[in-house]
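Structure record follows, encoded as structure tokens.
Protein chains in written order, with our numbering: chain A, 237 to 979; chain B, -13 to 135.
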């Protein structure tokens, strides 16, 4: 995912004249890629400056922030820029992926160099035209100036000549001194905001094509279930229903390249209902009254899993010593005091507000799809494989996503729509309803931790032991349920041991906002509080002691997490963590006296290259209900904040989202199927729950990193800490059972 | 049947049971009104009938009658609507943006009846509308900014 040093800038003259500067990738791209004119920077003679936004927009603001990076180095005013969309095409644009908060850390420099490269070519064109050294030419607001001769020109005037100049090597370009930034670090509103507030069609679900029919897809709520019976005649009699298509199961669709998950993508068997409206299609699907039987997941039951986890805690782990740093058992034996606690957290659904959908038009040798997806290239390859087409004959129109949170990293819906559209022979918009969105999600796995810590005489932690129970197949943890060297306290606490027990699961697991971390932070930060309390020490002061002196601790071992590529070789910097911890405490006025049943809680967590700490102020009413009044967040995501407005919005949203999850979200299984059907039994944060969230970004001398995820994990443990301070009760299971908090 | 949508009389051919949401989106091509849950939980499909916010997914098209329907595409016709849209843009409220049409229709109804809403008024009027990205702090600020404009 890192920008290749071999990336070269490629220029070409547009049909209408002007400069098109795209990125040509040395890795596998042809010298001349069709569509390479859809480049990142297009300046035409009329003066229009178009910058391509190539990354999937799922609400993380990348359609604004990436063009900002290019525009800054191109040295134009933001108001002069028109942002244009790109299709999904890895050969032309490189990796297009909304995941792992990876876009900014991997592409910040590259996007800047794209802008700087275009600027350098324009400068050289002016230097040639004016017969002056390029070094004497200055730029600003899309103008070129030569002070000595008093000459000036618009970028537009030089664009055609610039396009014929050999592009500079990216590494030869000089980037701006950040002190000169005029766009980066400012508050820039989202480029689609006006379209959003006036209801323009932007999302995948808004796609409408001539001759399009609407489809709903009846499939087993239990993964792998087979159709037993269905009332086809009744469905066909529903007004508006035009036909039914039988879809056969396929289990050979593993082509993911951007998101690694084990196993095979499954196209489930079922019946597609084609109709003249979404309503008729869904009604037809319900009228089928399809009955299903069996399925790989039929054995699944939350009750049974809870019993299995309890049994594993009693009988011992399947995989003792799964991780072993130092000698935790020996240190534990010397401990002055031992602390034990059990923590657990549930499966979670993504529940993005735009229900899963896809629109496809498939002809004999081509497919065209309109998708809200986080991984357009994966969709392209999956569809090509499913339909037996060449990848280059599959076109992905990359639509805005009404939320992703990791769900749209997977493209099962694209394959379904493509297969149905091929059989239908006309364009098809496939629409899942909310219950299907829950039933066929790629869930954040639940987990259980049995923890033991050894404390020395001062109460400091000298050994940490975790028995981690979570899910996988064939005795191996699923990659979304790992415990590894990237996760605190690994490395920070030297004598650390983790045992593992793997419970079998057949349903699909996936990445959910700050995956793995979103669960572990609750456990590890909660347990630090447990240790602080056992030691009779203040949770803030105790955390300072845990972090110790500022140092960079190498991540102990290779790991398979979602952010693996971006994080490889990244140390855990205790000094950076101490910085945000102290800042959050200072913002919140840590230690101040509060009224009865009101408390402060504090937690920190590192994930997705970002260091975060937050303090939560919460009160607990007599009936146990919890009100969060205020959250203070301190963040260290490196030297630059790309877009201060978007950044603050991401942090505030992550915190409130995490609050909703901590208080009201749990996915459970009965008879192999997800029980939750809608937002009535899976509670998202709402306005009356939303506290004030103050955000401070510390600027530190480290590379700029991403922000879609890392603010999320530390909220839940800080909330549990605040509840403890308010009530003296420690809740160690998510979602927090506030009925235990009655006065 | 005839519907009055955003000040215009429109002929609609649809199953009388079809929810207004789907008549707007699929029959009339007004896709600004969003499908979220289909059960009245999320408010993504919020439109106004004679100025009152209703759930488009819970309102059969045959039940609308002569009521005046306002959707996000027609919000700019209202002075409050324009103030809200401007505040939404000025404060950069949206993240994914999918819920914002429903949020704006709910907020416009609030300001028309309560031009200077308190935090409690905003909680009461807006808590039926889920923002999955949780942009609530900015939605609240934008409502207050529009109220002050």
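Beta carbons are placed, not taken as given, at the ideal position from N, Cα and C, and that holds for glycine.
- For the 9 angstroms CB-CB criterion, residue 850 (chain A) and residue 947 (chain A) form a contact.
- Residue contact with chain A for residue 103 (chain B): absent (no Cβ-Cβ distance below 9 angstroms to any residue of chain A).
- Around the beta carbon of residue 664 (chain A), a 10 Å sphere encloses 16 or more other beta carbons of the protein chains shown; the residue is thus reported as buried.
- Around the beta-carbon of residue 59 (chain B), 16 or more other beta-carbon atoms lie within 10 Å, marking it buried.
- For residue 915 (chain A), there is no enclosing alpha helix (DSSP H), as DSSP marks it with neither H nor E.
- Look at residue 667 (chain A) here: in three-state DSSP terms it is strand.
- Close to chain B, meaning a Cβ-Cβ distance shorter than 9 angstroms, are the following residues of the segment 918 to 929 of chain A: 920, 921, 922, 923, 924, 925, 926, 927, 928, 929.
- Interface criterion not met: the Cβ of residue 507 (chain A) is under 9 angstroms from no Cβ in chain B.
- For residue 503 (chain A), the three-state secondary structure derived from DSSP is strand.
- Around the CB of residue 487 (chain A), fewer than 16 other CB atoms lie within 10 Å, so the residue is classed as exposed.
- For residue 460 (chain A), the closest of A:520, A:407, A:532 by C-alpha to C-alpha distance is A:532.
- Using a C-beta cut-off of 8 angstroms, the segment 753 to 760 of chain A makes no contact with the segment 591 to 602 of chain A, since fewer than three inter-stretch Cβ pairs fall below that distance.
- The continuous stretches of beta strand (DSSP E) do not include residue 960 (chain A), which lies in the alpha helix (DSSP H) extending over residues 951 to 963.
- For residue 874 (chain A), the CB contacts under 6 angstroms within the same chain, skipping 5 residues up- and downstream, are 938, 939, 940, 941 in chain order.
- With its beta carbon at least 9 angstroms from every one in chain B, residue 652 (chain A) lies outside the interface.
- From the beta-carbon of residue 892 (chain A), the residues of chain B found nearer than 7 angstroms are 120, 122.
- In the displayed model, residue 375 (chain A) falls within a strand according to three-state DSSP.
- The segment 422 to 466 of chain A is shown to contain whole beta strand (DSSP E) runs of 3 or more residues at 449 to 455, 462 to 465, in chain order.
- For residue 630 (chain A), the pairing in a beta bridge is given by DSSP as A:603.
- Secondary-structure assignment with DSSP links residue 559 (chain A) through a beta bridge to A:734.
- About 7 angstroms separates the CB atoms of residue 476 (chain A) and residue 1 (chain B); that is less than 8 angstroms, so the two are in contact.
- Secondary structure at residue 32 (chain B): strand, using DSSP grouped into helix, strand and coil.
- Scanning its chain for C-beta atoms nearer than 8 angstroms, with the 5 sequence neighbours on each side dropped, one finds around residue 410 (chain A) the residues 352, in chain order.
- Any Cβ of chain B closer than 9 angstroms to the Cβ of residue 640 (chain A) would place that residue at the interface, and such an atom is present.
- Shown here, residue 774 (chain A) sits in coil according to DSSP, grouped into three states, outside any helix or strand.
- Annotated as proximal: residue 307 (chain A) and residue 287 (chain A), with beta-carbon spacing under 9 angstroms.
- Note on geometry: alpha-carbon atoms of residue 612 (chain A) and residue 455 (chain A) lie some 24 angstroms from one another.
- Rounded to whole angstroms, the separation of the alpha carbons of residue 583 (chain A) and residue 903 (chain A) is 5 angstroms.
- Secondary structure note for residue 807 (chain A): its beta strand (DSSP E) is the uninterrupted segment 807 to 809.
- For the 9 angstroms CB-CB criterion, residue 616 (chain A) and residue 632 (chain A) form a contact.
- Shown here, residue 909 (chain A) sits in a strand according to DSSP, grouped into three states.
- Per the DSSP secondary-structure output, residue 846 (chain A) pairs in a beta bridge with A:843.
- In terms of CA proximity to residue 820 (chain A), A:848 leads the group A:728, A:834, A:848.
- Chain order gives no chain B residues near residue 747 (chain A), where near means a beta carbon separation below 7 angstroms; the closest approach is about 16 angstroms.
- In this structure, A:880 is the residue among A:880, A:892, A:968 with its C-alpha nearest to the C-alpha of residue 425 (chain A).
- Rounded to whole angstroms, the Cβ separation of residue 816 (chain A) and residue 951 (chain A) is 14 angstroms, and the two are not in contact under 8 angstroms.
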